[in-house]
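Reading through the structure tokens given below for one structure.
In the UniProt record's numbering, the protein residues as written are 1 to 157.
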């Protein structure tokens with residue numbers, strides 16, 4: 001197969017989500033134990049519920065059955081990304097400005113590789129996060145290409 005499973009699934013699911021005014025957050029195709037799982041994470045401005053997930057699952061399942069791109073038996077799971085939604089695209093970072101985020105970097109910045117704080121800006125090149133060090137707020141500028149992973153962070157007050 002020339003294309004990765006996730007690429008094929010993305011091409012199939014994007015038109016479905018566009019029609020339903022939803023967006024693709026992420027796709028995972030993973031083996032856990034002896035079982036394969038195809039996980040599709042979706043969202044919309046108003047959030048998604050179980051019915052939305054069911055609708056997308058049915059429509060995507062039909063498309064997958066038509067072209068049968070996956071050589072193994074697998075479980076299809078469609079869900080929301082949850083409260084700790086991953087930040088994958090530029091638009092995800094833009095929407096997260098003003099929110100609490102958790103960012104891991106490929107290499108240390110100021111001696112650290114993990115930052116948790118408020119995302120204050122993102123210009124496509126620099127992810128700016130305000131972190132707390134004891135009682136002081138410090139602004140950290142993280143080059144976008146050094147971000148290994150990022151997600152929203154749930155905070156409890």
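By construction, the Cβ of each residue, glycine as well, lies at the ideal position given by its N, Cα and C atoms. Every value quoted in this text rests on a predicted model; they were computed, and no experiment measured them.
- At a Cβ-Cβ threshold of 9 Å, residue 36 and residue 67 do not count as neighbours.
- DSSP places residue 51 inside the alpha helix (DSSP H), whose first and last residues are 50-67.
- If you look at residue 108, you'll find it in the beta strand (DSSP E) that goes 100-109.
- Looking at the DSSP output, residue 150 sits in a beta bridge with 103.
- DSSP places residue 10 in the helix class (H, G or I) of the three-state scheme.
- DSSP places residue 137 outside any alpha helix (DSSP H); the residue lies instead in the beta strand (DSSP E), whose first and last residues are 136-143.
- Straight-line spacing of the CA atoms in residue 109 and residue 124 works out to 18 Å.
- For residue 19, the closest of 41, 84, 59 and 25 by C-alpha to C-alpha distance is 59.
- Within 10 angstroms of the beta-carbon of residue 136 lie fewer than 16 other beta-carbons, which makes it exposed.
- Beta-carbon to beta-carbon, residue 146 and residue 106 are separated by about 5 Å, close enough to satisfy the 8 Å threshold.
- DSSP places residue 18 within a helical segment (H, G or I) once states are collapsed to three.
- Judged by beta-carbon spacing, residue 40 lies beyond the 9 Å limit of residue 87, meaning their Cβ atoms are not closer than that value.
- Annotated three-state conformation of residue 122 is strand, per DSSP.
- Close CB contacts of residue 149 within its chain, under the 6 Å cut and outside five residues either way in sequence, are with 104 (chain order).
- When beta bridges are read from the DSSP output, residue 86 appears opposite 151.
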